[in-house]
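Undergrad: Chains A and B are the protein sequences, given in the same order.
Using the working numbering, read the first sequence as starting at 1 and increasing by one per residue.
Using the working numbering, read the second sequence as starting at 1001 and increasing by one per residue.
The C-beta atom is built at its ideal place from N, Cα and C for all residues, glycine as well.
Number of protein chains: 2
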Amino acid sequence: MQEIRLASRPSGWPTADNFELVELPTPEPGPGQVLVRNQFMSVDPYMRGRMNDVESYVAPFQLGKPLDGAAVGEVVASNAADVPVGATVLHGLGWRDYAVLDAAHVRAVDPAAAPTPSAYLGLLGMTGLTAYVGLLDIAQFREGDTVFVSGAAGAVGSVAGQVAKLRGAKRVIGSAGSAEKVRYLVDELGFDAAFNYKDAPVRDQLREAAPDGIDVYFDNVGGDHLEAAISSLNKYGRVALCGAIAQYNDTAPPAAPRNLALAIGKELTLRGFIVSNHNKRMPDFVAEVGAWLRAGQISAQETVVEGLAGAPEAFLGLLRGENTGKMVIKL
Amino acid sequence: MQEIRLASRPSGWPTADNFELVELPTPEPGPGQVLVRNQFMSVDPYMRGRMNDVESYVAPFQLGKPLDGAAVGEVVASNAADVPVGATVLHGLGWRDYAVLDAAHVRAVDPAAAPTPSAYLGLLGMTGLTAYVGLLDIAQFREGDTVFVSGAAGAVGSVAGQVAKLRGAKRVIGSAGSAEKVRYLVDELGFDAAFNYKDAPVRDQLREAAPDGIDVYFDNVGGDHLEAAISSLNKYGRVALCGAIAQYNDTAPPAAPRNLALAIGKELTLRGFIVSNHNKRMPDFVAEVGAWLRAGQISAQETVVEGLAGAPEAFLGLLRGENTGKMVIKL
């Protein structure tokens, strides 16, 4: 088997040198354990924070040890009666092609209920749930709201925008980093407007796309996107603080948002969240989004990279915004 | 009668030249109106925003017209049966020594229920209600919380800190701008700790005063105070965004808070509010705080300036932090 280890910690932007691919004998499952052949693994922006040696809401990756993260695969050897050989399971030991886990640490999923097993890493998995919880519970989305989503062509943003439309948003606006992604948002996902944040200041483009202001901002980006959203938010507006990918590789603190004091007079609510504390919403999420998926009402483009050796470069590409939809590695 | 008019709009810090004292004949009340001899008028930080010609949650003051704001006085002539001569009333036409108002625009208050009528401008009035609503409803204070209040010797902060103590806070910390105010907070108001924000960085002093972090931050100041609070807030911490006096006179936007992205992992909630949308809480507030006042459990120091002509200078002193407790003008 092969696994990818953290070779060194980055300062600023990570590089391929921070990762090391290692060959090992494929392990045997012990009592109560299963051996999983991983079919897909996930790369996600939050992993950048785990490369730093700082305490956060997830433990940092350890130097010289394999990275980890969500993966889906097939059980190929089992010492656990309730997880038979052939089962498709979701678990937390990505960044390797084979994984041994206690049966309690895997969750069986139904491969027939998804277009591809990788959907359990994206639309039907953590990033989909993040979009669902962030929009509905954190930002308290209500029918008729005008919604702005940054990083809208990404795994979380693309679902947040679609859920807003399906739940009756008046208008959904997205930002992304290329003309192609902007077309994808409008033509394929049904966003009412979208813009390339590299073309002109976010504040100007957002005002043009939302002349009557916005009621909800789903923030995946931070920085000047957040500042622009605060400026465009209407009275009683709500912000779900989900990510700040614009600043994950910054070595100096960001200057924005400089207009947070506007939150007083507008009576805004800004609320941070991490999805792992909202797993109780998984059944509602799977029921609602699963039904939209079966009805063809929600789309889940993925950016698929082949082979474990390509995972570090795929992860770096994700941080540079090279993905559309969920970025996954096919093993 | 005399009134104070807006002579010009300030850029940055206001000066005495922005105000003009004008003599007029004392007006007569029309049908359904009363003539009030103002006893006290209020100066408040929010009035700084009204000196700018920008739309906000309160209309700007008009050039060449009298300023306005909360005042309390005695009815000296009345054409309204329900508001007799001799009644003490609260109303919105401060910055003058006599005011004519429709009876519907005054609220009778009980002078015997307060140590001085000016209490209806502070502890039992708008600033007290602001503290009450901000702490309990906006920041969702819970017994056992550790609370940090900035501008803690001011009209709002001093009440917010005392209400937190009386409602069972584990620890209440205040910041203020002089050694005398720091002593006042600890020795007279019962704060557990207080510091002078001019002595050292707020972040360092707050960490020392709250080694186990804070659960609630009541923000009257913005800027580096808000940044320090975000840094010290514990998981699920809550911020009431009430004011940003540190930046009301700034002509460039503030750099802070540069660490707002910490709100994601800590799952913080930041919520702005203005008290005028929370008047429905007035009965609860008057019942609870009034009882504490009668029992001698809550203190309400005032900084009293004599005479209408001194009002502009008193207002400027308020913006410089020269008051302890509510700043009022005795007419």
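Skipping 5 residues on each side, what residues in its chain have a beta carbon closer than 8 Å to that of Ser-1011/B?
TA: Residues of the same chain with a CB within less than 8 Å of the CB of Ser-1011/B, apart from the 5 flanking positions on each side, are Thr-1251 in chain order.
Undergrad: Pull out every residue of the segment 1250–1269 of chain B whose Cβ sits closer than 7 Å to any Cβ of chain A, in chain order.
TA: Pro-1253, Pro-1254, Ala-1255, Pro-1257, Arg-1258, Asn-1259, Leu-1260, Ala-1261, Ala-1263, Ile-1264, Gly-1265, Lys-1266, Glu-1267, Leu-1268 and Thr-1269
Undergrad: State the Cα-Cα distance for the pair Gly-94/A and Glu-55/A, rounded to the nearest angstrom.
TA: For the pair Gly-94/A and Glu-55/A, the Cα-to-Cα distance works out to about 21 Å.
Undergrad: Name the chain B residues that come within less than 8 Å of Tyr-184/A, Cβ to Cβ?
TA: Simply none; closest approach about 26 Å.
Undergrad: Since I believe Arg-107/A is in contact with Asp-53/A (beta carbons under 8 Å), could you give me their beta-carbon distance rounded to a whole number of angstroms?
TA: That pair is no contact at about 30 Å.
Undergrad: Please tell me whether Tyr-1046/B and Arg-1281/B are closer than 8 Å, where the distance is taken between their beta carbons.
TA: no
Undergrad: In the segment 218–252 of chain A, which residues sit with their C-beta less than 8 Å from some C-beta in chain B, listed in chain order?
TA: Residues Gly-222, Leu-226, Leu-241, Cys-242, Gly-243, Ala-244 and Gln-247.
Undergrad: What number of angstroms, rounded off, separates the C-alpha of Ala-287/A from the C-alpha of Glu-143/A?
TA: 19 Å
Undergrad: Please report the residue range of the beta strand (DSSP E) in which Arg-1037/B lies.
TA: 1033–1042
Undergrad: At a CB-CB cut-off below 8 Å, which residues of chain B make contact with Ile-274/A?
TA: Residues of chain B with a Cβ closer than 8 Å to the Cβ of Ile-274/A are, in chain order, Ile-1264, Gly-1265 and Glu-1267.
Undergrad: Nearest by alpha-carbon distance to Ala-71/A: which of Gly-86/A, Ser-42/A and Phe-61/A is it?
TA: Ranking the options by Cα distance to Ala-71/A, first place goes to Ser-42/A.
Undergrad: By the criterion of Cβ-Cβ separation under 9 Å, what are the contact partners of Tyr-1057/B in chain A?
TA: Lys-235, Ile-264, Gly-265, Lys-266 and Glu-267
Undergrad: Spatial neighbours of Lys-1181/B within its chain, please: CB distance less than 7 Å, with the 5 preceding and 5 following residues excluded, ordered by chain position.
TA: Ala-1153 and Thr-1324
Undergrad: In whole angstroms, give me the CA-to-CA distance for Ile-214/A and Arg-171/A.
TA: 9 Å
Undergrad: Anyone know if the C-beta pair for Ala-1263/B and Leu-241/A falls short of 8 Å?
TA: Judged by their CB atoms, Ala-1263/B and Leu-241/A are nearer to each other than the 8 Å cut-off.
Undergrad: Can you list the residues of chain B that Asn-323/A reaches, using a CB-CB cut of under 7 Å?
TA: The premise fails here: Asn-323/A is roughly 20 Å from chain B at the closest Cβ pair, so nothing lies under 7 Å.
Undergrad: Give me, in chain order, the residues of the same chain whose beta-carbon lies closer than 7 Å to that of Leu-1233/B; leave out the 5 immediate sequence neighbours on both sides.
TA: Gly-1213, Ile-1214, Tyr-1217, Lys-1266 and Leu-1268
Undergrad: Which residues in chain B sit within 7 Å of Arg-271/A, going by Cβ to Cβ distance?
TA: Thr-1269
Undergrad: Run through DSSP, which three-state label would Lys-181/A get?
TA: Lys-181/A sits in a helix when the DSSP states are folded into three classes.
Undergrad: Any beta carbon from chain A within less than 8 Å of Asn-1279/B's own beta carbon?
TA: Chain A contact via Cβ: absent.
Undergrad: Gly-1168/B and Leu-1185/B - do their beta-carbons sit closer together than 8 Å?
TA: no
Undergrad: Go ahead and pull the three-state DSSP assignment for Gly-1049/B.
TA: helix
Undergrad: What number of angstroms, rounded off, separates the C-alpha of Asp-110/A from the C-alpha of Arg-294/A?
TA: 14 Å
Undergrad: With 8 Å as the threshold, decide whether the Cβ of Ala-1108/B is near any Cβ in chain C.
TA: Any reference to chain C falls outside this structure, whose protein chains are A and B.
Undergrad: Using the DSSP secondary-structure output, state which residues sit across from Tyr-1217/B in a beta bridge.
TA: Phe-1148/B and Val-1239/B
Undergrad: Determine, using beta carbons only, whether Gly-1134/B and Phe-1285/B come nearer to each other than 8 Å.
TA: no
Undergrad: Between the Cα of Ala-119/A and the Cα atoms of Leu-67/A, Phe-40/A, Gln-2/A and Ala-160/A, which residue gives the shortest distance?
TA: Answer by Cα proximity: Phe-40/A.
Undergrad: With DSSP run on the structure shown, which of helix, strand or coil describes Gly-86/A?
TA: Here DSSP, grouped into helix, strand and coil, assigns Gly-86/A to coil.
Undergrad: Between Ala-1113/B and Gly-1190/B, what straight-line distance do the alpha-carbon atoms span, to the nearest angstrom?
TA: 24 Å
Undergrad: Determine the contact status of Val-1328/B and Met-1126/B, defining contact as a CB-CB distance below 8 Å.
TA: no
Undergrad: Indicate whether Asp-97/A and Leu-308/A have their beta-carbon atoms separated by less than 8 Å.
TA: yes
Undergrad: Could you tell me the distance, in whole angstroms, from the CA atom of Glu-1020/B to the CA atom of Ala-1261/B?
TA: 46 Å
Undergrad: Between which two residues does the alpha helix (DSSP H) containing Glu-1288/B stretch?
TA: 1282–1294
Undergrad: Buried or exposed: where does Ala-1244/B fall if 16 or more other Cβ atoms within 10 Å of its Cβ makes it buried?
TA: Result: buried.
Undergrad: So, helix, strand or coil for Lys-1198/B, using DSSP?
TA: coil
Undergrad: Would DSSP call Asn-249/A helix, strand or coil?
TA: Secondary structure at Asn-249/A: coil, using DSSP grouped into helix, strand and coil.
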